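One structure below.
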Amino acid sequence: MDLIDTNGTASSSKSTNTSAPIGTARAGEPLIGTGKTVINDGVVAKVAGLAAREVAGVHALGGGAARALGAIREAMNSTDVSQGVSVEVGETQVAVDVTIVAEYPVPLQQVASDIRSNVIRAIEDLVGLEVTEVNVTIVDIHLPSDDAAVETEPTKAALR
Numbered sequence: 001m002d003l004i005d006t007n008g009t010a011s012s013s014k015s016t017n018t019s020a021p022i023g024t025a026r027a028g029e030p031l032i033g034t035g036k037t038v039i040n041d042g043v044v045a046k047v048a049g050l051a052a053r054e055v056a057g058v059h060a061l062g063g064g065a066a067r068a069l070g071a072i073r074e075a076m077n078s079t080d081v082s083q084g085v086s087v088e089v090g091e092t093q094v095a096v097d098v099t100i101v102a103e104y105p106v107p108l109q110q111v112a113s114d115i116r117s118n119v120i121r122a123i124e125d126l127v128g129l130e131v132t133e134v135n136v137t138i139v140d141i142h143l144p145s146d147d148a149a150v151e152t153e154p155t156k157a158a159l160r
């Protein structure tokens with residue numbers, strides 16, 4: 001039986017079911033199913049930490065205590081890329097707090113702005129969450145002379 005639509009063209013009343021049942025796919029087509037993806041807060045924090053470390057002018061992430069623990073981890077050949085980063089993750093949004101030590105003499109506002117841009121881009125592209133805010137706290141400035149002083153200080157073993 002043919003049906004006439006409002007444009008005056010005929011169409012067959014026989015229904016051709018071209019969709020596969022949910023959870024199955026026809027040959028050559030990707031499987032499209034339903035389910036829930038859970039991304040842990042720690043994963044989001046790592047993505048943010050890696051993105052913040054990529055910014056020029058960032059010497060280290062974290063405050064004094066976090067950096068002290070990081071030095072212990074580093075001595076054991078372990079690294080926490082989420083050090084200095086905390087996140088609050090909701091269903092579709094995330095807020096990020098980043099604590100850094102900046103290099104001297106970089107423009108601090110520019111470093112903070114670059115961190116925001118990099119963290120937002122990384123989280124939205126890789127994780128798929130909307131970033132509502134990125135708060136950057138600069139707790140210290142690293143001076144090039146700090147490294148030179150450490151390298152030239154005699155060790156206790158050398159003094160014996």
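First residue of the sequence shown? That's 1 in UniProt numbering, and the numbers climb one at a time after it.
The C-beta atom is built at its ideal place from N, Cα and C for all residues, glycine as well.
Predicted, not measured: the structure shown is a model, and the values here were computed from it.
C-beta contact flag for valine 131 and valine 94 at 8 Å: yes
Host beta strand (DSSP E) of isoleucine 100 (start-end): Where isoleucine 100 is concerned, the enclosing beta strand (DSSP E) stretches over 93–103.
Residue environment, glutamate 122, which counts as buried when at least 16 other CB atoms sit within 10 Å: With the sequence shown as reference, residue 122 is identified as alanine, and glutamate is not the correct amino acid for it. Its Cβ being crowded by 16 or more others within 10 Å, alanine 122 is buried.
Per-residue DSSP class, three states only, for leucine 108: Secondary structure of leucine 108 (DSSP, three-state): helix.
Stretch-stretch touch, CB-based, cutoff 8 Å, three pairs: the segment 55–64 with the segment 82–102: yes
Same chain, Cβ closer than 6 Å to tyrosine 104, neighbours up to 5 away in sequence not counted: Ile141 and Leu143
Beta-carbon contacts of valine 101 that lie in its chain and below 6 Å, excluding the five residues immediately before and after: Counting only residues of its own chain and dropping the five nearest sequence neighbours on each side, valine 101 has a CB closer than 6 Å to the CB of His59, Ala60, Asp140 and His142.
Buried versus exposed, by CB contacts within 10 Å (16 or more), asparagine 135: exposed
Bounding residues of the alpha helix (DSSP H) (the contiguous stretch that carries alanine 48): 41–53
Bridge-paired residues (DSSP) for leucine 61: Ile100
Threonine 137, enclosing beta strand (DSSP E) - first and last residue: 130–142
Serine 86 (DSSP reduced to helix, strand or coil): strand
Alpha-carbon spacing of glycine 33 relative to aspartate 97, whole angstroms: 35 Å
Residue environment, aspartate 114, which counts as buried when at least 16 other CB atoms sit within 10 Å: buried
Distance between alanine 48 and asparagine 77 (C-alpha atoms, nearest Å): 21 Å
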